[in-house]
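Remarks on the structure that follows.
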Amino acid sequence: MATSSAVPKGSAPVQRGKVAEDKSPSSADKPQQPEQVFTMAQLWDGTAFIAQAAVITFSLSLSGRVLSRPLNLFSWHPLSQIFGLVLLIQSIIVLQPTHTAGQKRVGQAVHAYLNFGSFVAFTAGFVAIYLNKERNNTAHFTTLHGALGSTLTLSLWGQYFAGFTMWATPALYGGEAKAKSLWKFHRAGGYVNFLLLLATFCTAADTGFVRKALKIESWVFYAPMALIAVGVLPRVHGYKLGFSKKKA
């Protein structure tokens, strides 16, 4: 005889399934992995250490040589360019290790501020040498260093304008999605300017001021620029330049 506690047919599998479901941890109960936050220590990660050591050593050494002489209008050219070099290297490295959304957001802001500082420094250096040549009735852009420097300055102005507007006012490019699709061209242009910057500093080794006034050997310029390239270029991600697909 059936009792009042009998289980209706077909209900047991449902109950077993319910019990199994209750025992399985829900997604809300699973421990969440904390998002990796941006830290300034990333500026020294991996091969970045090589670039940082080279640019800091070179900058302190050359600045010391310039400051050991009486300062004049021309002095602001090398000092400003050195400061611009330091800031620009930081602005490049600061974005290379970003992976999470939080890292990218903070990295982009730091990148923009550092680039603004380098923009001011390079512009000041360009104005200083231009006015110095005007004061001394000297011809402009007659050397390889001068030609590369002027080309680099114009290119950097365009790079700064494009990068800042993509980040701050994406509506100019048809919206945020469209602006992001153009970032790969901004990055590629940035690395071209980076190589042009290193070449410009290398050509400074053959200027009369460096050879005659500072009496510095060419390798003092060539070696640090090569080390900076060694420290920065291996950190370039091909997929961010549109050359390959991001690995899963």
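Quick note on numbering: the sequence shown equals residues -8 to 239 in the numbering used here. Just so you know, even glycine gets a beta-carbon here, dropped at the ideal spot from N, CA and C.
Item                                                                                               : Value
Where Ala130 sits in the DSSP three-state scheme                                                   : coil
Residue environment, Pro69, which counts as buried when at least 16 other CB atoms sit within 10 Å : buried
Environment of Val223 [buried if 16+ CB atoms lie within 10 Å]                                     : buried
Option in Trp174, Thr91, Gly181, Thr198 with minimal Cα separation from Leu79                      : Gly181
6 angstroms CB neighbourhood of Ala112 in its chain, flanking five on each side removed            : Ser71, Phe74, Gly75
Buried or exposed (CB count within 10 angstroms, at least 16 for buried), Asn106                   : buried
Beta-carbon gap between Thr134 and Thr191 smaller than 8 angstroms                                 : no
Exposed unless 16 or more other CB atoms sit within 10 angstroms - verdict on Pro215               : buried
Helix, strand or coil at Glu167 according to DSSP, with G and I counted as helix                   : helix
Proximity below 8 angstroms, CB of Leu58 to CB of Asn123                                           : no
Thr30 in three-state terms, based on DSSP                                                          : coil
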